[in-house]
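Asks:
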Amino acid sequence: MSDFERVVKVAVVGYPNVGKSSLVNRLTGSREAIVHERPGITRDRKELECEWNGRRFTLIDTGGVDFADPDPLSGSIRDQARAGLADADLALFVVDARAGARAGEHEIADLLRRGTIPVLVAANKCDSVADIPLAAEFHALGLGDPVAVSAAQGLGTGDLLDRLVELLPAAQERTAVEEDTVRLAVIGRPNVGKSSLVNRFVGEQRVIVADEAGTTRDAIDLPLLVDHASRPQGRRRVVIVDTAGMRRQSKVSESVEYYTTLRSQRAAERADVALVVCDAGDGVTAQDLRVADLAMHSGCATLVVLNKWDAQSPTLDLEYERARVAEKLRQRPRVLTASAITGRNVARLLAESITLADRRAGRIPTPELNRFLGETVQARQPPAKQGHRLKLIYMAQVGTSPPRFAIQVNSRSRVTRDYAYFVENQMRERYALDGVPLIIDFVERGSRSAGGRRGSGGRGEPALLAAPAEEQ
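Here my numbering is used: the first residue of the sequence shown is 3, the next is one more, and so on.
#1: I'd like the span of the beta strand (DSSP E) that includes Arg58, first residue to last.
#2: DSSP beta-bridge partners for Phe95?
#3: Are Leu318 and Gly285 touching if we call contact CB-CB under 8 Å?
#4: Can the beta-carbon of Trp311 be found closer than 8 Å to that of Ala349?
#5: Tell me, please, which residues DSSP counts as bridged to Phe407.
#6: Taking the alpha carbon of Asp436 as the point to measure from, which residue in Asn427, Asp63, Asp443 has its own alpha carbon closest?
#7: Can you tell me where the beta strand (DSSP E) holding Thr304 begins and where it ends?
#8: If you count every other CB in all the chains shown that lies within 10 Å of the CB of Gly65, and 16 or more means buried, which is it?
#9: Between Ser255 and the rest of its own chain, which residues show a CB-CB distance below 6 Å, the 5 nearest in sequence each way excluded?
#10: With a CB to CB cut of under 8 Å and the five nearest residues on each side skipped, what residues in its chain are close to Thr368?
#11: Excluding the 5 residues preceding and the 5 following Ile134 in the sequence, name in chain order all residues of the same chain whose CB lies nearer than 7 Å to its CB.
#12: Return the Cβ separation of Leu114 and Leu145 in integer angstroms, given the expectation that the two are a contact with Cβ distance under 8 Å.
#13: Grab the span of the beta strand (DSSP E) containing Val339 for me, first residue to last.
#14: Just tell me which of Leu29, Val194, Val167, Gly117 has its CA closest to the CA of Cys280.
#15: Could you tell me the alpha carbon to alpha carbon distance between Thr402 and Arg382, rounded to whole angstroms?
#16: Within 10 Å of its beta-carbon, does Asp147 have 16 or more other beta-carbons around it, so buried, or fewer, so exposed?
#17: Can you list, in chain order, the residues of its chain with a C-beta nearer than 6 Å to that of Cys52? Leave out the 5 residues immediately preceding and following it.
#18: Compute the Euclidean distance between the alpha carbons of Ser413 and Lys393, then round it to the nearest angstrom.
#19: Under the three-state reduction of DSSP, which class applies to Ile110: helix, strand or coil?
#20: Rounded to whole angstroms, what's the CA-CA distance from Phe444 to Arg391? Just pull it up for me.
#21: Can you name the start and end residues of the alpha helix (DSSP H) that Glu426 belongs to?
#22: With DSSP as the reference, label Val279 as helix, strand or coil.
#23: Between the C-alpha atoms of Pro171 and Ala138, what's the straight-line distance to the nearest angstrom?
#24: Work out the CA separation of Asn201 and Leu143 for me, nearest whole Å.
#25: Report yes if the C-beta distance between Ala288 and Val306 is below 8 Å; otherwise report no.
#26: When the Cα atoms are used, what is the spatial distance from Leu440 to Leu308?
#27: Where does Leu157 fall in DSSP's three states?
#28: Per DSSP, which residues does Arg239 bridge with? Please list them.
#29: Taking buried to mean at least 16 other C-beta atoms within 10 Å of its own C-beta, is Arg361 buried or exposed?
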């Protein structure tokens with residue numbers, strides 16, 4: 003993050019279950035931070051953009067801090083909260099006005115008083131005018147006048163934002179993100195090493211790692227700069243999104259896990275590339291294939307990663323796994339090995355991801371596409387029905403991200419699924435598009451453009467659009 007333009011940050015800290023994430027959602031006007039009545043839901047620190055009266059800043063939502071909790075996971079959450087404070091320009095200390103000041107909150111206040119950044123106290127859960135006097139108790143924290151606020155009702159949030167903006171330092175704000183920034187979602191089953199891999203990418207313990215499956219619950223965005231030959235200066239901006247583990251729907255037994263899985267799916271929808279992380283000890287499982295298929299239907303390019311290769315079983319046949327992925331997944335993503343523990347192939351994963359993102363956003367010249375079309379017809383004659391043969395007349399690219407192509411034909415009803423797959427696979431082989439979603443519209447001569455035909459869903463419809471009226 004140090005290589006990015008400086009952005010003003012506000013760390014939102016406090017005791018567990020005081021409504022920090024609810025307040026963050028209210029202030030940002032979003033539902034990005036997970037909210038649940040059970041304490042301890044937020045674990046990693048999550049950064050969300052906020053704007054008030056023309057001033058832009060970032061809110062860092064952190065997990066609840068309880069110094070008395072001996073659980074090692076609580077210790078990791080405290081470390082993440084401290085890291086959020088170290089990276090912030092201002093601390094927003096959220097307390098529960100109805101619960102009153104607790105001993106643990108005095109410990110947090112002591113930590114904040116010894117810090118170097120200004121602190122603003124938000125007395126949350128003042129859901130009515132009658133609750134406002136409850137905020138006065140928190141003067142005893144020694145951090146100035148508390149602001150009575152209600153994340154649930156929205157009361158006092160304007161006053162809170164006014165005070166917050168007044169205290170923000172006059173730091174320079176971040177400039178617009180460059181258009182060639184690559185969004186990379188790290189997705190997969192629980193406990194396959196996604197967070198360990200993300201920490202290896204960024205070079206620090208940025209997200210919590212534990213043996214317990216399901217530790218990550220939010221989708222965490224982490225920006226960094228990566229050395230890559232695609233830029234003259236040799237560096238590309240990448241935003242890595244660490245996500246919660248995705249289990250089969252029948253295994254999702256509680257509402258918290260349902261919403262974390264939903265956020266993982268949304269992360270894939272916002273991504274340019276998805277790294278589908280698998281456990282090398284298990285090989286590519288049926289659930290891994292389902293996760294990869296979800297990424298494909300989200301419109302992002304995919305790369306399958308066999309993590310924990312340092313501890314993989316010697317009986318695992320890598321070539322068999324690659325052949326199985328090519329057979330089962332239409333997108334035919336590459337299968338690479340890596341180790342988050344040793345760092346093996348980690349830099350290569352980032353380089354391959356950037357290359358995939360560029361191919362997903364790239365364009366192929368029309369003359370080149372029509373040469374390809376002619377060679378494809380020569381390699382395999384199009385099918386014929388009732389004595390009339392399908393003719394492929396003209397081809398052009400009509401969209402990017404993911405790439406979309408239109409092929410003009412003499413009769414769309416003569417297009418068979420088998421031949422459509424053949425054309426798609428020839429394209430992947432010719433233009434190195436393995437792992438990149440392709441949309442191919444077969445447009446009958448004289449009909450309207452591809453955009454007006456069935457399946458013109460753009461990014462959300464990456465499947466090949468070539469289903470004939472009658473399949474052979």
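The beta-carbon is built from N, C-alpha and C at its ideal position, and this holds for glycine as well. Note that the coordinates shown come from a computational prediction; the quantities given were computed from them, not determined experimentally.
Replies: In short, the structure shows the following:
#1: Translated into the one-based positions of the sequence shown, residue 58 becomes position 56. Arg58 -> beta strand (DSSP E) spans 57–63.
#2: As a working mapping, residue 95 is identified with position 93 in the sequence shown. Beta-bridge pairing links Phe95 to Val15, Val123.
#3: Translated into positions along the sequence shown, residue 318 becomes position 316. Translated into positions along the sequence shown, residue 285 becomes position 283. Yes, they are a contact pair.
#4: Taking the sequence shown and counting its residues from 1, one reaches residue 311 at position 309. Taking the sequence shown and counting its residues from 1, one reaches residue 349 at position 347. No. Outside cutoff.
#5: Walking along the sequence shown from the start, residue 407 turns up at place 405. Phe407 pairs with Gln399, Ile442.
#6: Taking the first residue of the sequence shown as 1, we reach residue 436 at position 434. Asn427 is the residue among Asn427, Asp63, Asp443 whose C-alpha sits nearest the C-alpha of Asp436.
#7: Translated into the one-based positions of the sequence shown, residue 304 becomes position 302. 303–309 is the extent of the beta strand (DSSP E) around Thr304.
#8: Residue mapping note: residue 65 aligns to position 63 of the sequence shown, counting from 1. By the neighbour-count rule (16 or more Cβ atoms within 10 Å), Gly65 is buried.
#9: Here residue 255 refers to the residue found at position 253 of the sequence shown. With a pLDDT of 42 at Ser255, under the threshold of 50, the modelled position of that residue is not reliable, and no figure is offered here.
#10: For the purposes of this step, residue 368 is identified with residue 366 of the sequence shown, where counting begins at 1. So the qualifying residues of the chain are Met397, Ala398, Gln399.
#11: Here residue 134 corresponds to residue number 132 of the sequence shown, with the count starting at 1. Cβ within range, chain order: Cys128, Ala150.
#12: On the sequence shown, position 112 is the one that residue 114 refers to. On the sequence shown, position 143 is the one that residue 145 refers to. About 6 Å; that satisfies the 8 Å criterion.
#13: Residue numbering aside, residue 339 sits at position 337 when the sequence shown is read from its first letter. Checking the sequence, you will find Thr at residue 339 rather than Val. Its beta strand (DSSP E) spans residues 337–339.
#14: For the purposes of this step, residue 280 is taken as residue 278 along the sequence shown, with counting starting at 1. Comparing Cα-Cα distances from Cys280 to each of Leu29, Val194, Val167, Gly117, the minimum goes to Val194.
#15: The sequence position of residue 402 within the sequence shown is 400, counting from 1. The sequence position of residue 382 within the sequence shown is 380, counting from 1. Between Thr402 and Arg382, the C-alpha separation is close to 27 Å.
#16: Start at 1 with the first residue of the sequence shown, and residue 147 comes out as number 145. Classification of Asp147: exposed, given that the 10 Å Cβ count is below 16.
#17: As a working mapping, residue 52 is identified with position 50 in the sequence shown. For Cys52, where only same-chain residues beyond five positions count, the Cβ hits under 6 Å are Leu29, Thr30, Phe59, Leu61.
#18: Counting from 1 along the sequence shown, the entry for residue 413 is found at position 411. Counting from 1 along the sequence shown, the entry for residue 393 is found at position 391. Approximately 8 Å between the Cα atoms of the pair.
#19: Along the sequence shown, one-based indexing puts residue 110 at 108. Residue state, collapsed to three classes: helix.
#20: Here residue 444 refers to the residue found at position 442 when the sequence shown is read from its first residue. Here residue 391 refers to the residue found at position 389 when the sequence shown is read from its first residue. Going by the C-alpha atoms only, they are around 15 Å apart.
#21: By 1-based counting over the sequence shown, the position of residue 426 is 424. Note, Glu426: alpha helix (DSSP H), 419–433.
#22: As a working mapping, residue 279 is identified with position 277 in the sequence shown. Three-state DSSP puts Val279 in a strand.
#23: As a position in the sequence shown, residue 171 is number 169, starting the count at 1. As a position in the sequence shown, residue 138 is number 136, starting the count at 1. Rounded to the nearest angstrom, the two C-alpha atoms are 26 Å apart.
#24: Start at 1 with the first residue of the sequence shown, and residue 143 comes out as number 141. Start at 1 with the first residue of the sequence shown, and residue 201 comes out as number 199. Between Leu143 and Asn201, the C-alpha separation is close to 35 Å.
#25: As a working note, residue 288 is residue 286 in the sequence shown. As a working note, residue 306 is residue 304 in the sequence shown. Going by C-beta atoms, Ala288 is not nearer than 8 Å to Val306.
#26: Your numbering for residue 440 matches position 438 in the sequence shown. Your numbering for residue 308 matches position 306 in the sequence shown. Cα to Cα, the separation comes out at about 24 Å.
#27: Translated into the one-based positions of the sequence shown, residue 157 becomes position 155. Correct three-state label for Leu157: coil.
#28: As a working mapping, residue 239 is identified with position 237 in the sequence shown. The partner list for Arg239 (beta bridge, DSSP) reads Leu227.
#29: Position 359 of the sequence shown holds residue 361. When all chains shown are included, Arg361 counts as buried.
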